[in-house]
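Participant: Be aware that the sequence shown starts at 2, since it is given in the working numbering, and climbs by one per residue.
Glycine residues also receive a C-beta, built at the ideal position from the N, C-alpha and C atoms.
Below is a structure I'd like to ask you about.
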Amino acid sequence: MKFNDLDLTTKEELNIKINEYANSIGGINFFLQMIEDLRNEKPNALLNKTSIFHFAKGKITWSKSIFKDTLTLLFNAMRKEDKDGDILNGLNPKAYKETMNMMRALKPVTISIRNEDNSSGFVVDILDSSEVKKTKVDLMFKIIFFYNIEFAKDALSFKI
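In structure tokens form, the structure reads like this:
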């Protein structure tokens, strides 16, 4: 997905939210450095058994371990959502069941991002269930863990 593909109100809301999050951990440069550190981590930082990832200026913790098959299903669901607009539409019964199990497993997981002195930071959910029967992967989660860093830079520098 590209930042320019979003509608104007979504761009404005995202700019406000991402700048607020960046400032809560020390500024735009710290935020972008965190994303770079996540990209450079192999295997994916979310697969850490301890549910903790340390980046240059702080740490990321999440409430329960995430396994490789669950992360793979999440990634596939994200790609389907970006392409079709829905995670579940058009899935065969087996894939539907697997996706629903992945969503049940990841729904209670929250990701806490704190700066190095633990004084400030923010929390991101993996799944956004603000609309009934329309669970989506949270956009901020996608930006931090999966989207190209250019998406974050565009969102941070968008002029309202």
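1. On the three-state DSSP scale, how would you describe residue 88?
2. Once you ignore the five residues that flank residue 67 on each side, which residues in its own chain have a CB closer than 6 Å to its CB?
3. Can you grab the Cα-Cα spacing for the pair residue 86 / residue 78, in whole Å?
4. Within 10 angstroms of the Cβ of residue 51, are there 16 or more other Cβ atoms? Answer buried if so, exposed if not.
5. With a threshold of 8 Å on Cβ separation, who are the neighbours of residue 152 within its own chain once the five nearest residues in sequence on each side are excluded?
6. For residue 19, count the other beta carbons within 10 Å of its own beta carbon; 16 or more makes it buried, fewer makes it exposed. Which is it?
7. If you check the beta carbons only, do residue 122 and residue 53 fall under 8 Å apart?
8. Tell me, which residues are paired with residue 71 by DSSP?
9. Need the endpoints of the beta strand (DSSP E) that residue 60 sits in, please.
10. Could you tell me the alpha carbon to alpha carbon distance between residue 1 and residue 108, rounded to whole angstroms?
11. Do you know offhand how far residue 72's Cα is from residue 39's?
12. DSSP beta-bridge partners for residue 129?
13. Would you check whether the ligand SAH has a heavy atom nearer than 7 Å to the C-beta of residue 31?
14. With DSSP collapsed to three states, give me the class of residue 152.
15. Quick one: what does DSSP say residue 120 is sitting in, helix, strand or coil?
16. Specify, as a first and last residue, the run of the beta strand (DSSP E) that residue 26 falls within.
Facilitator: Per the coordinate set shown:
1. coil
2. 47
3. 10 Å
4. exposed
5. 2, 3, 4 and 144
6. buried
7. no
8. In the DSSP output, where bridge partners are listed per residue, residue 71 has none listed.
9. 59-63
10. The structure shown does not extend to residue 1, since the chain is modelled only from 2 through 161, so no value can be given for it.
11. 15 Å
12. 137
13. Only the bare structure without any ligand can be found here, which leaves the ligand SAH out of the picture.
14. helix
15. coil
16. Element bounds for residue 26: n/a, residue is neither H nor E.
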